[in-house]
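K.L.:
At position 82 of the sequence shown (counting the first as 1) the number is 70 in the numbering used here, and the numbers step up by one without a gap.
Ideal Cβ placement from N, Cα and C applies to all residues, glycine included.
Keep in mind that this is a model prediction, so the values were computed, not measured.
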Amino acid sequence: MHTQEHSEKTKRKISEVKKGKRCSIETEFKKGKPSWNKGIKLSGDHIIKLSESHKGQISWNKGKKCPQISKGQIGRKRPDMEGENNWNWKGGITPELKLLRSIAKYQIWRNAVFLRDNFTCQDCGLRSGNGKAVHLEAHHIKSFAECSGLRFDINNGITYCVGCHVKNDGFRRIKNVA
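Printed below as a string of structure tokens:
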């Protein structure tokens, strides 16, 4: 084992050699690939020994306080970075229809349609349950964009699963084909 300390000159040379170099593709992290120790079974004795070895060790953040200034800032909005003040502002390009779909009144309408239809697709009868999830969508029978007076009328809504919504919505069919 090498116990001699490197000189400052040697440390600089090592640093210069390593700068800009990357690990090979074979050794770098790959998303989705399980870790090397996944699935390795440990014996009961080994688990007990690991547990014993960690007992009494003090956590790295024990006794460290979160500064009061940080506590006040956690989760707080930044009004100085909203709207036109934001670096990524593009002049208020969010379409009116998208804004309408994000308001609470729209969410209430959507949930009321789902409740009325018992969270069941009205075309094929699919429903979430028994370990199977079905993504449901509330569809406007008369166009959301063209019939503004019926946007939040529960009788103008019907529950569809995604597949049936694509099948029954002429606009979506055209959009998906193109």
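Could you give the DSSP three-state label for residue 30: helix, strand or coil?
P.N.:
Note: residue 30 maps to coil in three-state DSSP.
K.L.:
Return the bridge partner residues of residue 117 from the DSSP annotation.
P.N.:
Beta-bridge pairing links residue 117 to 120.
K.L.:
Note the first and the last residue of the continuous beta strand (DSSP E) segment covering residue 146.
P.N.:
Where residue 146 is concerned, the enclosing beta strand (DSSP E) stretches over 145 to 149.
K.L.:
Suppose you measure from the CA of residue 25 to the CA of residue -9; what does that come to, to the nearest Å?
P.N.:
About 31 Å.
K.L.:
In the DSSP assignment, what residue or residues form a beta bridge with residue 15?
P.N.:
For residue 15, which the question treats as bridged, DSSP gives no partner whatsoever.
K.L.:
With a Cβ-Cβ cutoff of 8 Å, do residue 94 and residue 88 count as a contact?
P.N.:
Cβ atoms of residue 94 and residue 88: closer than 8 Å.
K.L.:
In the structure shown, what three-state DSSP assignment does residue -6 receive?
P.N.:
Looking at residue -6 - three-state DSSP - the assignment turns out to be coil, as it is neither helix nor strand.
K.L.:
Which residues share a DSSP beta bridge with residue 127?
P.N.:
Paired residue(s): 146.
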